[in-house]
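In what follows, a single structure is set out as structure tokens and then discussed.
Number of protein chains: 2
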Amino acid sequence: MSVETRTVEPGERGKGAATRAAILSRAVDLASAEGLEGLTIGRLAADLELSKSGLFAHFGSKQELQIATVGEAAKQFRVAVIDPAMDTPEGASRLRAIGESYLAYLDSGPNSGGCFWGSTSAEYDDRPGPVRDAVAAAVDSWLGELERQARLAGAAEPERLAFELFAVVMGANSRYRLSGDRRAFGYAREAIARLLGELPG
Amino acid sequence: MSVETRTVEPGERGKGAATRAAILSRAVDLASAEGLEGLTIGRLAADLELSKSGLFAHFGSKQELQIATVGEAAKQFRVAVIDPAMDTPEGASRLRAIGESYLAYLDSGPNSGGCFWGSTSAEYDDRPGPVRDAVAAAVDSWLGELERQARLAGAAEPERLAFELFAVVMGANSRYRLSGDRRAFGYAREAIARLLGELPG
DNA sequence: TTCAAAACCGAACGTTCGTGCTTTTTCGTT
DNA sequence: AACGAAAAAGCACGAACGTTCGGTTTTGAA
Numbered sequence: 001m002s003v004e005t006r007t008v009e010p011g012e013r014g015k016g017a018a019t020r021a022a023i024l025s026r027a028v029d030l031a032s033a034e035g036l037e038g039l040t041i042g043r044l045a046a047d048l049e050l051s052k053s054g055l056f057a058h059f060g061s062k063q064e065l066q067i068a069t070v071g072e073a074a075k076q077f078r079v080a081v082i083d084p085a086m087d088t089p090e091g092a093s094r095l096r097a098i099g100e101s102y103l104a105y106l107d108s109g110p111n112s113g114g115c116f117w118g119s120t121s122a123e124y125d126d127r128p129g130p131v132r133d134a135v136a137a138a139v140d141s142w143l144g145e146l147e148r149q150a151r152l153a154g155a156a157e158p159e160r161l162a163f164e165l166f167a168v169v170m171g172a173n174s175r176y177r178l179s180g181d182r183r184a185f186g187y188a189r190e191a192i193a194r195l196l197g198e199l200p201g
Numbered sequence: 202m203s204v205e206t207r208t209v210e211p212g213e214r215g216k217g218a219a220t221r222a223a224i225l226s227r228a229v230d231l232a233s234a235e236g237l238e239g240l241t242i243g244r245l246a247a248d249l250e251l252s253k254s255g256l257f258a259h260f261g262s263k264q265e266l267q268i269a270t271v272g273e274a275a276k277q278f279r280v281a282v283i284d285p286a287m288d289t290p291e292g293a294s295r296l297r298a299i300g301e302s303y304l305a306y307l308d309s310g311p312n313s314g315g316c317f318w319g320s321t322s323a324e325y326d327d328r329p330g331p332v333r334d335a336v337a338a339a340v341d342s343w344l345g346e347l348e349r350q351a352r353l354a355g356a357a358e359p360e361r362l363a364f365e366l367f368a369v370v371m372g373a374n375s376r377y378r379l380s381g382d383r384r385a386f387g388y389a390r391e392a393i394a395r396l397l398g399e400l401p402g
């Protein structure tokens, strides 16, 4: 054992971390459009003007890249959807804020590759493994937050309310992305308002 | 031009048609699990103990195979979900029957590869082309049937009702497939009952 | 300024992909 | 029984896949 201690962990600071962040940012975009299986190391490297092997070395396997991509997408989701709602009081009004920021997130332009979670959770429906587990954990945590807020709002059946909110925003995403039906956003807003209107207080 | 007329069109009768049907049946299963892009000619041929080239000759391109697979899936969907509800009177009770047969279809065992339409419609969110068009047309037609029945049932806003029904069954599918949450079926049934309970008559 | 570690590259691997061409087998009709 | 079309197989191709490896550049601390 060397006497000298490591000052930093590899990949935490320095140039490598910046590259890794750039890779994952682009990976989320690509995976939103092509899926986590369609996410290709060669394509990713070409987009970022890196070599395949140089990019590959950051993760060691495609599976690790996929899992890291799921983590990055979860972080982006928190920043875009959860955080903006954090300054409204917990309960019904925060649920309303989350729903609004989620719809805004979906509607944030067709430039973005669509909802990462809609694509990937359908993709890993029947594909067991660590990647699926990572996706499922992230979605479960998102649904759990909905449920927690529903409980704080005094909902009679928080799990049911969370499920319905989840279904309605996912449905809007699906209708908009596949068929360009923007009316779905309006229907979703109405459904959310109705679901939250039943709450006490 | 030959004087003799063709007695049958190729692929309509005879051995070829049977093979083609077997291919498409398996293709729907595979695509439900792996997606329409993950659907591979080599894998399909190996499963059916055919040669790649022999199978390929039936379609001429992978894209044609994908489109034919979408058509076969639509046929299966009609048989499993629409047809069982055809002997109940149009309107609210048929909507109820469709909802029930759809949930039963989703719940028909984890052996099946999950809902074809959930997987593929998410997959082709942001992937323009004939395959996406075929998927979108099928989903639109399914949603249109919901809307038609909602109108016959006297719904105030048939499009909105159709959307909510669609979202709730898709959401149940997603929750069950990804996280094995069977409660979603119950929540979906309750939501359907509530949505249809608002109907006049 | 030195030097080891970190970051990155280029080339190659074995495999699988979709797709052509050519040949053989199967099968209904005469 | 023989013929011709349909069906399936055999073989090969270029490209892209994930991955490995040896070498080169870049970086940051001593």
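As they're listed, the protein sequences go chains A and B. With our numbering, you'll find the first sequence wraps up at 201, consecutive numbering, no jumps. With our numbering, you'll find the second sequence wraps up at 402, consecutive numbering, no jumps. Backbone N, C-alpha and C define an ideal beta-carbon position, used for all residues, glycine too.
Listing by chain order, which chain A residues have their CB less than 7 Å from the CB of residue 418/B? No statement about residue 418/B is possible, as the shown extent of chain B runs from 202 to 402 and does not include it.
If we cut at 9 Å on Cβ distances, does residue 150/B have a partner in chain A? No answer is possible for residue 150/B: it lies beyond the span of chain B, which begins at 202 and ends at 402.
Just to check my reading of the structure: residue 362/B and residue 396/B have Cβ atoms closer than 8 Å, yes? What is that Cβ distance to the nearest angstrom? 6 Å
Should residue 33/A and residue 327/B be called a contact, given that it needs their Cβ atoms to be closer than 9 Å? yes
For a contact defined as C-beta to C-beta under 7 Å, what are the partners of residue 322/B on chain A? 174 and 178
May I ask you to report which of helix, strand or coil DSSP gives residue 383/B? coil
From this set, 332/B, 377/B and 357/B, which residue's C-alpha is nearest residue 307/B's C-alpha? 377/B
Verify whether the separation of the beta carbon atoms of residue 351/B and residue 164/A is less than 9 Å. no
So the alpha helix (DSSP H) residue 325/B belongs to, where does it begin and stop? Careful: residue 325/B lies outside any alpha helix (DSSP H) and carries neither H nor E.
With 8 Å as the C-beta to C-beta threshold (strictly closer), list the residues of the segment 18 to 38 of chain A near chain B in chain order. 32, 33, 34, 35, 37 and 38
Any chain A beta carbon closer than 9 Å to residue 308/B: Output row for residue 308/B: interface = no.
List the endpoints of the continuous alpha helix (DSSP H) containing residue 340/B. 331 to 353
Taking all protein chains shown into account, decide if residue 170/A is buried (16 or more other Cβ within 10 angstroms of its Cβ) or exposed. buried
Step through the CB atoms of chain B and report whether any lies within less than 9 Å of the CB of residue 143/A. yes
Determine, for residue 392/B, whether the minimum Cβ-Cβ distance to residues of chain A falls below 9 Å. Chain A contact via Cβ: present.
Taking buried to mean at least 16 other C-beta atoms within 10 Å of its own C-beta, is residue 81/A buried or exposed? buried
By DSSP, does residue 53/A sit in helix, in strand, or in coil? helix
Assign residue 29/A to buried or exposed, taking buried as 16 or more other Cβ atoms, counted over all protein chains shown, within 10 Å of its Cβ. buried
Rounding to the nearest angstrom, what Cα-Cα distance links residue 181/A and residue 332/B in this structure? 18 Å
Contact with chain B by residue 159/A, beta-carbon distance below 9 Å: yes
Kindly provide the ranges of any alpha helix (DSSP H) runs that are 4 or more residues long and lie completely inside the segment 224 to 307 of chain B, ordered along the chain. If we require 4 residues or more, the alpha helix (DSSP H) runs fully inside the segment 224 to 307 of chain B come out as 242 to 249, 253 to 257, 263 to 278 and 293 to 307.
Helix or strand or just coil, what does DSSP make of residue 199/A? coil
Kindly indicate which residue of 55/A, 197/A and 102/A has the alpha-carbon position closest to the one of residue 185/A. Closest option to residue 185/A, Cα to Cα, is 102/A.
Does the contact criterion of 3 or more C-beta pairs under 8 Å hold for the segment 240 to 255 of chain B versus the segment 277 to 291 of chain B? no
With 16 other CB atoms within 10 Å as the buried threshold, where does residue 91/A fall? buried
Return helix, strand or coil for residue 157/A, following the three-state DSSP convention. coil
Below 9 Å between beta carbons: does that hold for residue 152/B and residue 228/B? Missing from the structure shown is residue 152/B; chain B here goes from 202 to 402 and no further.
Cα separation between residue 270/B and residue 225/B? Take the alpha-carbon of residue 270/B and the one of residue 225/B: they are about 6 Å apart.
Can you give the Cα-Cα distance for residue 316/B and residue 239/B, rounded to whole angstroms? 15 Å
Could you give the C-beta distance for residue 369/B and residue 356/B, rounded to a whole number, given that I count them as a contact under 8 Å? Between residue 356/B and residue 369/B the Cβ distance is about 15 Å, and since that is not below 8 Å, they are no contact.
Where does residue 16/A sit, in a helix, a strand or coil, going by DSSP? helix
Between residue 244/B and chain A, is the shortest Cβ-Cβ distance under 9 Å, so that the two count as touching? no
Is residue 198/A near residue 384/B, with beta carbons less than 9 Å apart? Going by C-beta atoms, residue 198/A is not nearer than 9 Å to residue 384/B.
Residues of chain A with CB closer than 8 Å to the CB of residue 303/B, please, in chain order. In chain A, no part has a C-beta under 8 Å from the C-beta of residue 303/B; the shortest such distance is about 14 Å.
Own chain, CB closer than 8 Å to residue 236/B, minus 5 neighbours either side, in chain order: Excluding residues within five positions, the ones whose Cβ falls inside 8 Å are 320, 321 and 324.
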